[in-house]
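What follows is a single structure, written as structure tokens, with notes after it.
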Amino acid sequence: MRILLAEDDRIIADGLVRTLRKSGYAVDHVATGSDADTALMGQQFDLLILDLGLPKLSGIEVLKRLRARKSPLPVLILTAQDAVEERVRGLDAGADDYLTKPFALPELEARVRALTRRGTGNSTRVDFGPLLYDQVDRVARLNGQVVDLSARELGLLEILLLRAGRLVGKEQLVDHLCGWGEEVSTNAIEVYVHRLRKKLEPGGVKITTVRGLGYCLEKPDGGH
Ligand code: CA
């Protein structure tokens, strides 16, 4: 799951980035509306957290442009507590949900979970042979047992599951697992895959290495 955070308040932004990354999301942060607009045009995200009071280009304008491009990207807007009118304009412009500042971080996380679930369609559970993954609770069960996974391993598993049976390139994994300014090398990816594999293979879930290219989560029951 990759989130774009557009927020010009440094303290709020730092807190959000830290919290969301700790939960295993890849977060990219921009501090102006024009940077948000550029990022949204050039890259794929699963959620946009958008402060409406942004410099250079207002959050409302960013949102209007996004929807004018027919993007279905879920958008959570952040507004000042007394800015009722602004909130209404945001929802009218196509925001999915809003939070007023100041907010508690667990509340933000709950909204993020709900919105990213909406973005992935109606099913919240991925049934993959012996592996059952709950996208809302972010819990993986292997043959009924909860698998203890780090945030990175969880992020990795999500990506592989979404593209199960297909080759996922290393660069693609790097791209999804890290936000800007957060260095994760392809070597580190190898380590995460190795750890994940060790946890999943005893339960019959295989991650194949396609040398020099990437990885593939094998369909259960030997599907070719
Ligand atoms: Ca602001």
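Sequential numbering of the sequence shown, starting at 1329, is according to the working numbering. Note that CB positions come from ideal geometry on N, CA and C, so glycine has one too. Quantities reported herein were computed from a predicted structural model and do not represent experimental measurements.
{"query": "According to DSSP, is K1429 helix, strand or coil?", "result": "strand"}
{"query": "Kindly confirm or deny that the region 1361–1368 and the region 1339–1349 touch, where touching means at least three C-beta pairs closer than 8 Å.", "result": "no"}
{"query": "Classify N1450: buried if its beta carbon has 16 or more other beta carbons within 10 angstroms, exposed otherwise.", "result": "The predicted model places N1450 with a pLDDT of 49, which falls under 50 and marks its position as unreliable, so this point remains unresolved."}
{"query": "Among all residues, which have a Cβ less than 5 Å from at least one non-hydrogen atom of ligand 2, and in what chain order do they fall?", "result": "Absence of ligand 2 is noted for the structure shown, with ligand 1 being the only ligands found."}
{"query": "Using 8 Å as the Cβ pair cut-off and three pairs as the minimum, do the region 1463–1477 and the region 1524–1535 touch?", "result": "yes"}
{"query": "Can you say whether G1370 is buried or exposed, counting buried as having 16 or more other CB atoms within 10 angstroms of its CB?", "result": "exposed"}
{"query": "For A1408, report the span of its beta strand (DSSP E) as first-last.", "result": "V1403 to A1408"}
{"query": "If you follow the alpha helix (DSSP H) that L1528 is in, where does it begin and where does it stop?", "result": "T1514 to L1528"}
{"query": "So what's V1390 in DSSP terms, helix, strand or just coil?", "result": "helix"}
{"query": "What do you reckon, are the CB atoms on L1376 and I1331 nearer than 9 Å?", "result": "yes"}
{"query": "How big is the Cα-Cα spacing for R1397 and T1366?", "result": "13 Å"}
{"query": "By Cβ distance, which residues of its chain are closer than 6 Å to T1444, with the 5 residues on each side in sequence left out?", "result": "M1329, D1374 and L1375"}
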